[in-house]
Every structure is written in structure tokens, then in C-alpha cells.
Amino acid sequence: MPDEDPATVASAVAFMVGVYALIVGALKLGFLLDFVSGPVLTGWISAVALVILLGQVGSLVGLTVGSTTVEIIRGVLGHLDKIQGMTACIGLTGIAMLLVFEHAGKTIGKKNKWIKFVCTSRAAVVLIIYTLISWGVNKNRGEKNYMWAVTEIDANGLAKAKTHDTNLLAKVAGRSVAPFIAMSIEHLGVGKAFGLRNGYDIDRSQELLFLGTANMIASIQGSMASGGAMSRTAVSSEAGSRSPLNFIFTAGFVLLTLYELAPALYWIPKATLAAIIIMAVAHLVSPPKLFYRYWRISFIDFVASMLGFWVTLFTTTEIGLAVSVGFSIVYTLLRLAFPRLVKISHSQAENNHWSLSKSRPKDSEIDVPSEAYLVRFTSDMLFPNAERLKNSIVEDIKVRYDASTAMVQAAEANRVWNDSTKRRVAKIRHREQITPISTDAYPLRYIVLDFEMISFIDTTAVLLLIELKMSLRKYLGKELQFRFVNMAPQVLERFTRSEWEFVREGEERTGNDDVIFSSFEAAILHRDGDDKDEKVQYVEKAVDV
1 MPDEDPATVA SAVAFMVGVY ALIVGALKLG FLLDFVSGPV LTGWISAVAL VILLGQVGSL
61 VGLTVGSTTV EIIRGVLGHL DKIQGMTACI GLTGIAMLLV FEHAGKTIGK KNKWIKFVCT
121 SRAAVVLIIY TLISWGVNKN RGEKNYMWAV TEIDANGLAK AKTHDTNLLA KVAGRSVAPF
181 IAMSIEHLGV GKAFGLRNGY DIDRSQELLF LGTANMIASI QGSMASGGAM SRTAVSSEAG
241 SRSPLNFIFT AGFVLLTLYE LAPALYWIPK ATLAAIIIMA VAHLVSPPKL FYRYWRISFI
301 DFVASMLGFW VTLFTTTEIG LAVSVGFSIV YTLLRLAFPR LVKISHSQAE NNHWSLSKSR
361 PKDSEIDVPS EAYLVRFTSD MLFPNAERLK NSIVEDIKVR YDASTAMVQA AEANRVWNDS
421 TKRRVAKIRH REQITPISTD AYPLRYIVLD FEMISFIDTT AVLLLIELKM SLRKYLGKEL
481 QFRFVNMAPQ VLERFTRSEW EFVREGEERT GNDDVIFSSF EAAILHRDGD DKDEKVQYVE
541 KAVDV
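Here full-length UniProt numbering is used: position 32 in the sequence shown is 32, and no number is missing along the way.
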């Protein structure tokens with residue numbers, strides 16, 4: 001769309017992103033994003049961040065380069081002699097200053113809240129400093145004689161609201177799918193990360209409804225597509241905000257800037273903007289050790305992440321995402337098409353003493369003590385179902401068990417506005433007439449995970465089980481123990497490669513090690529040093545997932 005104004009195209013993309021998000025949220029189709037596995041997402045987002053980073057290199061050093069990765073690399077390396085010294089100086093010192101602020105925030109910022117505030121606002125601080133320098137150096141120079149390129153933004157309040165051209169919307173509809181997926185995943189990922197930290201759960205459909213509504217309305221004012229970002233959310237969290245009401249002040253400051261400080265925007269150095277963007281997206285590039293971890297856990301997941309990375313880096317975001325997701329889905333279907341069987345004849349059973357009896361008893365024979373909770377998986381745990389299984393376990397435990405008083409008090413001290421989980425749990429308890437068990441009187445001490453029906457588990461599932469452990473320990477206490485039983489050798493190997501801290505039954509535990517048991521009965525009934533405790537209540541409680 002070379003004939004279209006870039007700002008108009010960007011706002012049209014924002015509108016279509018909003019439409020997609022609104023539809024997916026309204027129809028509660030957020031689970032479709034689960035088909036993008038963790039390794040694919042890591043590789044894809046890293047590549048997208050690198051593409052954005054490379055796109056800013058030209059502005060950082062004062063060169064005009066192409067738009068693709070190959071063109072940018074060729075344009076920079078082939079014209080090193082044409083780099084503008086002052087522009088490069090502004091850009092590189094800006095990056096250095098941002099790094100200094102970041103390091104200071106992690107060290108000195110822990111001791112002084114004002115230093116911490118300045119360091120978390122480092123992008124704004126650097127922007128103000130270099131804008132003042134730019135104004136002082138270039139104000140008396142002619143427009144063609146500036147020491148370095150400036151943005152020359154001519155802002156005067158908000159843009160006038162206008163509807164979108166339907167022909168343009170039709171043109172950008174297909175290209176808006178990738179930004180929608182990227183933005184939705186980042187938005188939900190940030191929400192889940194801070195929910196895990198602050199003790200609340202997010203409603204994916206509700207988040208997507210908000211994301212869609214916000215982008216559709218904002219696009220009418222000429223806005224680009226936007227969503228929840230890690231940096232802004234981190235600043236809000238560190239500042240102690242507990243509700244979205246804080247964004248009233250943020251919006252007020254933005255409006256003040258547009259109406260009263262607009263002339264200052266003209267003098268912002270392009271190299272400084274490039275430095276800020278580079279440092280913002282650099283944190284989205286995953287370190288090599290994470291890809292090495294994928295390689296250790298599952299070679300197939302490693303290949304999927306590499307496809308997401310390299311194909312995206314040298315083609316387009318849409319093609320990279322399609323290829324990597326398609327590879328993961330095809331591999332999963334092939335596993336279903338070629339299942340593994342255990343075949344036993346009469347002679348084999350006699351010679352090898354095969355037994356058809358299960359180590360797991362029938363449902364009617366299960367007595368689960370109140371200090372235990374049993375989870376029996378009924379199928380393999382893979383990226384399409386792992387998130388749903390994890391959420392099902394967390395919700396069921398919150399319905400059947402009250403949080404310990406100590407954890408409630410800790411949560412209340414930093415309570416946020418989002419209490420949708422409490423309402424949903426209360427609704428389920430009322431509907432199913434469930435009286436929750438008091439974990440103060442009968443502590444829930446261990447979760448027993450029965451892996452008898454799991455013959456394969458992928459990287460995404462392992463990482464989500466880690467999230468499950470973190471979430472439940474935040475709700476029930478840090479001493480909560482996970483017990484594993486009936487793990488197939490290939491499944492155990494995946495956990496071992498992920499560096500999950502295990503000890504075998506009978507071995508001494510150190511710290512919060514989880515335990516692998518040889519039998520179902522031992523996993524359910526073994527009690528760590530409390531054999532004389534008479535306060536044990538038995539309930540018939542297990543969940544199949």
C-alpha cells in the first residue's frame with residue numbers, strides 16, 4: 001500500500017486488530033491461542049523483536065536502509081563509512097544511559113524509592129534530557145543544518161475523529177492477523193505473569209473484549225494498535241497501583257503533553273527514539289540458554305522454536321508464525337496417527353510375569369486424606385490442552401479448599417481490584433453445594449499427580465506444571481509438596497531435563513524438592529514425619545483431567 005499514508009494504514013490495522021479481538025473475546029474463543037505453543041511463541045516473539053530492533057539501526061546511526069533483515073544488514077555493513085558521527089553519538093550514548101539506569105534500578109533502587117522511580121521511568125528521563133540538548137544545539141540552525149535528524153513532529157492536541165475507508169480495511173484485514181495474535185499473546189501473557197505475582201487470575205475473554213474495544217475506539221482518533229505491555233505494567237505494579245484507575249493520571253499527562261508541550265516534541269532526536277525502542281524490544285529477545293533448555297527437554301519443540309525464529313527473521317511475521325504453528329500441529333497429529341501399543345501374548349505373559357492389574361485402584365476404592373489432593377490425567381499433556389488442564393486443577397482446588405489464613409493475610413496486604421476469581425469460586429460452591437475444607441484445621445500438604453495415562457508430555461506442558469506449582473503454593477503455602485506416581489521413563493526424562501527438583505521415595509528431601517513414588521498407595525498415604533498426628537480426615541476426592 002505505497003500510496004497510503006502510513007498513519008492512516010496504522011490506524012486501519014488497529015481497527016481490524018480490535019475487530020478480531022472483540023470477536024474472539026465475545027465468542028469465548030481465547031483457547032485458540034493455546035495452539036501457539038510456548039517454544040513457538042518464544043522463537044517468534046524473539047524474531048519479531050529483532051526485526052523491530054534492526055529496523056531502528058538506520059535511525060540510530062544516521063543511515064537510510066531497507067525494510068527487510070537482509071537489506072538492513074547489507075545497508076549498514078556496506079555503508080559504514082557513511083555513518084553520521086553526531087547521530088551515532090546521540091543514539092549510542094542514549095543506549096548507554098538506559099543501561100546505566102537499568103542497572104542502577106536493580107542495585108541502588110532497592111534502597112531508595114526515588115532512585116527506583118527515576119530508573120523505572122528511564123525512557124522518559126532520557127527522552128527529556130536529549131530533547132533539551134537537541135533544542136539547545138539546533139534551535140538557531142536552519143532546518144537543513146541540524147546537527148542530527150529530529151522527529152519534526154507537529155502535534156496540536158488530539159487528531160480529529162474520522163471513520164475508516166472500507167477499501168483500506170479490506171486491504172489490511174489479512175495483514176492484521178499477525179499483529180492481533182502477537183498483541184493478544186503479549187497482553188494475556190503480561191496479565192498472567194502479574195496475576196501470578198499478585199495473586200489473581202485473569203479472564204482471557206474479558207481481556208480480549210477490552211483489547212478489542214480499546215483498539216477500535218482509539219483507531220478512530222488515529223491510534224496505532226496497542227495492548228498491555230510488560231514495561232508499563234511493571235512500572236504500574238512497582239508504583240503500587242491496585243486498579244486501572246491509575247491510568248486516568250497517565251492519560252491526563254499524555255493529554256497535557258499533546259496540548260501544552262507539543263512544541264517540544266519537534267526537537268526529539270530520531271536516534272534517541274531509536275535507542276529507546278531498541279532497549280524496549282531487546283528484553284523480548286529470549287537468551288540462548290532458554291533455547292538450549294528447549295533442546296534438552298524436547299528436540300521437536302526446539303525445532304519449532306527455531307522455525308518460528310529464523311523463518312520470521314528472514315521472511316514475514318505471518319509466514320513465520322504459520323510455519324512454526326503448522327509444524328507443531330502436524331507433528332501432534334502424526335503422533336496421534338502412529339500410536340504406540342503394548343502387545344502381550346499368552347507366552348509373553350507367562351515368561352515375563354506380566355500383570356494386567358493396575359497400580360492405581362478403582363475410583364470406589366480411593367480414600368484420599370484431607371491433606372492430599374489427587375489429580376489423575378486421562379490423556380497426554382500437550383500445548384493445546386495444557387493451559388486448560390492447569391486452570392481446571394487450580395479452580396477445583398480453590399473451590400474445595402480455603403486458602404490458609406497466613407496466605408490470605410499476605411494477599412490482603414497487597415490486594416488488587418480484580419476479584420473475579422473469588423466471585424466465580426463462590427458461585428461454583430453455591431451451585432454445587434460444596435463446603436470448602438479449612439486448610440488451617442486440615443492443611444493441604446501435597447498434590448499427587450497420577451501420570452499412568454500420560455505417555456508423552458511436551459515443553460509447554462512441563463512449563464505450565466511449573467506455573468501450577470507456583471500458583472498453588474501462593475494460595476496454600478510454600479510447603480506444598482508435589483508427588484508423582486506412575487511416570488513413564490520418557491516422561492520422567494523430560495522433567496529431569498527441565499531441571500525439575502526431584503527426590504525418590506525414601507530419599508531425604510532438601511528444600512522444596514518434589515517426590516517420585518513407586519506406588520499409588522505410598523504416594524497417597526505417606527506422611528512426612530506426622531505419623532502420630534491423629535487429626536486426619538478422609539474424603540473421597542480426586543479429579544480426572
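Quick reminder that beta carbons are idealized off the backbone N, C-alpha and C, glycines included.
(1) For residue 268, which residues in the same chain have their Cβ closer than 8 Å to its Cβ, ignoring the five residues on either side in sequence?
(2) Can you give the Cα-Cα distance for residue 531 and residue 525, rounded to whole angstroms?
(3) Quick check: the Cα distance between residue 248 and residue 484, rounded to an integer number of angstroms?
(4) Which word fits residue 245, buried or exposed, when buried means at least 16 other C-beta atoms lie within 10 angstroms of its C-beta?
(5) Please report how far the alpha carbon of residue 488 lies from the alpha carbon of residue 315, in whole angstroms.
(6) Spatial neighbours of residue 549 within its chain, please: CB distance less than 8 Å, with the 5 preceding and 5 following residues excluded, ordered by chain position.
(7) If you compare alpha carbons, which of 188, 194, 78, 223 is closest to residue 206?
(8) Using the rule of at least 16 other Cβ atoms within 10 Å of the residue's Cβ for burial, across every protein chain shown, is residue 325 buried or exposed?
(9) Terminal residues of the continuous alpha helix (DSSP H) containing residue 373?
(10) Can you give the Cα-Cα distance for residue 449 and residue 377, rounded to whole angstroms?
(11) Beta carbon of residue 227, beta carbon of residue 25: below 9 Å?
(12) Which residue or residues does DSSP assign as beta-bridge partners of residue 484?
(13) Would you check if the distance between the CB atom of residue 464 and the CB atom of residue 447 is smaller than 9 Å?
(14) Return the first residue and the last residue of the alpha helix (DSSP H) that residue 335 is part of.
(15) Following the continuous beta strand (DSSP E) through residue 503, name the residue where it begins and the one where it ends.
(16) Between residue 387 and the rest of its own chain, which residues show a CB-CB distance below 7 Å, the 5 nearest in sequence each way excluded?
(17) Tell me the rounded alpha-carbon separation between residue 41 and residue 141.
(18) Within 8 Å, do at least three Cβ pairs link the region 295–307 to the region 37–51?
(19) Here's a check: name, in chain order, each residue in its chain whose Cβ is nearer than 8 Å to the Cβ of residue 7, leaving out the five neighbours to either side.
(20) In its own chain, which residues sit with a C-beta less than 8 Å from the C-beta of residue 177, not counting the 5 before and 5 after it?
(21) Report the three-state DSSP secondary structure of residue 401 (helix, strand or coil).
(22) Would residue 142 count as contacting chain D if we go by Cβ distances under 9 Å?
(23) Please tell me whether residue 397 and residue 444 are closer than 9 Å, where the distance is taken between their beta carbons.
(24) Measuring alpha carbon to alpha carbon, tell me which residue in 108, 181, 101, 313 is nearest residue 67.
(25) Quick check: what's the CA-CA separation for residue 307 versus residue 383?
Here's the rundown:
(1) Walking along the sequence shown from the start, residue 268 turns up at place 268. Within the same chain, residue 268 has close Cβ partners 127, 130, 131, 134, 150, 151, 153.
(2) As a working note, residue 531 is residue 531 in the sequence shown. As a working note, residue 525 is residue 525 in the sequence shown. Note on residue 531: pLDDT 41, under 50, position unreliable in the model; the coordinate value appears next. Cα-Cα distance, rounded: 10 Å.
(3) Within the sequence shown, the letter at position 248 stands for residue 248. Within the sequence shown, the letter at position 484 stands for residue 484. Taking the straight line joining both Cα atoms gives about 48 Å.
(4) If you number the sequence shown from 1, residue 245 lands on position 245. Its Cβ having fewer than 16 others within 10 Å, residue 245 is exposed.
(5) For the purposes of this step, residue 488 is taken as the residue at position 488 of the sequence shown. For the purposes of this step, residue 315 is taken as the residue at position 315 of the sequence shown. About 40 Å.
(6) Since the displayed the chain opens at 1 and closes at 545, residue 549 lies outside it and no answer follows.
(7) Locating residue 206 in the sequence shown gives position 206, where the first residue counts as 1. Answer by Cα proximity: 188.
(8) Taking the sequence shown and counting its residues from 1, one reaches residue 325 at position 325. By the neighbour-count rule (16 or more Cβ atoms within 10 Å), residue 325 is buried.
(9) Position 373 of the sequence shown holds residue 373. Careful: residue 373 lies outside any alpha helix (DSSP H), inside the beta strand (DSSP E) at 372–376.
(10) As a working note, residue 449 is residue 449 in the sequence shown. As a working note, residue 377 is residue 377 in the sequence shown. Residue 449 and residue 377: Cα-Cα distance of roughly 8 Å.
(11) Here residue 227 is taken as the residue at index 227 of the sequence shown, counted from 1. Here residue 25 is taken as the residue at index 25 of the sequence shown, counted from 1. For residue 227 and residue 25, no; Cβs fall outside 9 Å.
(12) Translated into the one-based positions of the sequence shown, residue 484 becomes position 484. Note: residue 484 sits in a beta bridge opposite 449, 516.
(13) Counted from its first residue, the sequence shown places residue 464 at position 464. Counted from its first residue, the sequence shown places residue 447 at position 447. Not closer than 9 Å, so no.
(14) If you number the sequence shown from 1, residue 335 lands on position 335. Per DSSP, residue 335 belongs to the alpha helix (DSSP H) from 317–337.
(15) Here the question's residue 503 lines up with position 503 in the sequence shown. Element bounds for residue 503: 502–504.
(16) As a first step, residue 387 must be located in the sequence shown, where it is residue number 387. 34, 464.
(17) On the sequence shown, residue 41 is found 41 positions in, with the first residue counted as 1. On the sequence shown, residue 141 is found 141 positions in, with the first residue counted as 1. Their Cα atoms are separated by approximately 48 Å.
(18) yes
(19) On the sequence shown, residue 7 is found 7 positions in, with the first residue counted as 1. Same-chain partners within the cutoff: 222.
(20) Translated into the one-based positions of the sequence shown, residue 177 becomes position 177. For residue 177, where only same-chain residues beyond five positions count, the Cβ hits under 8 Å are 20, 318.
(21) For this step, residue 401 is matched to residue 401 along the sequence shown. Here residue 401 sits in strand by DSSP.
(22) Going by chain labels, chain D is absent from the structure shown, which holds only one protein chain.
(23) Counted from its first residue, the sequence shown places residue 397 at position 397. Counted from its first residue, the sequence shown places residue 444 at position 444. Going by C-beta atoms, residue 397 is nearer than 9 Å to residue 444.
(24) As a first step, residue 67 must be located in the sequence shown, where it is residue number 67. The shortest Cα separation from residue 67 among 108, 181, 101, 313 belongs to 313.
(25) Walking along the sequence shown from the start, residue 307 turns up at place 307. Walking along the sequence shown from the start, residue 383 turns up at place 383. C-alpha separation (whole angstroms): 17 Å.
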